Each structure stands twice: as structure tokens, then as C-alpha cells.
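To start, the structure itself, in C-alpha cells.
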Amino acid sequence: MIVDWLLGLGTLLLTALCSVLPVVTVPSWLSSNGSVFSTVFADAGSMGVWFPAPLLITVLTAVLAFWLVGFTIKLARMVLSLFTAGGGSAA
């Protein structure tokens with residue numbers, strides 16, 4: 000009941016704040032970047048003879064995957080060390 004009231008108050012304050020802010024239009028240079036990106040990727044795709052992009056993507060994906068696995072293991076150990084039932088470190 001109190002939480003509902005707090006959520007209603009927060010929604011009311013957020014609505015009031017948003018109604019005060021001005022409406023901003025997106026500049027044309029920001030919304031027309033699709034052609035710039037397509038040109039860059041087309042030019043980079045033609046460099047495949049000298050630059051092994053599939054190898055680079057594979058290596059970067061493997062490095063990122065190993066980093067993510069290591070980070071997940073480290074995070075799990077940190078969380079599990081909080082629940083040792085009074086018995087010390089999980090290391």
C-alpha cells in the first residue's frame with residue numbers, strides 16, 4: 000500500500016518533470032548517418048585481400064568470450080564468498 004503510493008508519487012513527479020522539458024527535434028546530420036556507415040563498411044570490405052577480417056573477428060570474439068567467462072567466474076566467487084555461513088573466504 001505504501002509502495003503503491005510511493006510509485007504513484009514517483010510517476011507523478013516524473014510526468015511533471017517531462018512536461019516541463021522542451022521537445023527537441025533530432026538534427027538531420029544525426030539521422031542521416033546510415034549512408035556514412037554503409038560507405039565505411041563497403042570500403043573496409045574491399046580491403047579483405049590485405050586485411051584478414053574473418054581472422055581478426057574470430058580472435059576478438061575468442062578473447063571477449065574468455066574475458067566474459069573469467070569475469071563471470073570472478074563475480075560468482077565474490078558473491079559466493081558473502082554466503083560462507085561464518086566460515087571464512089571462498090578462495
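Heads up: the sequence shown begins at 0 in numbering that gives the first Met the number 0, then just goes up one per residue. Beta carbons: idealized from backbone N, C-alpha and C, even for Gly. Keep in mind it's a predicted model, so treat the numbers as computed, not measured.
Which stretch, first to last residue, makes up the alpha helix (DSSP H) that contains Val2?
As a position in the sequence shown, residue 2 is number 3, starting the count at 1. Its alpha helix (DSSP H) spans residues 1 to 19.
Rounding to the nearest angstrom, what Cα-Cα distance links Ala15 and Ala75 in this structure?
As a working note, residue 15 is residue 16 in the sequence shown. As a working note, residue 75 is residue 76 in the sequence shown. Roughly 41 Å between the two C-alpha positions.
DSSP state of Met46, grouped into three classes?
One-based indexing of the sequence shown puts residue 46 at position 47. Note: Met46 maps to coil in three-state DSSP.
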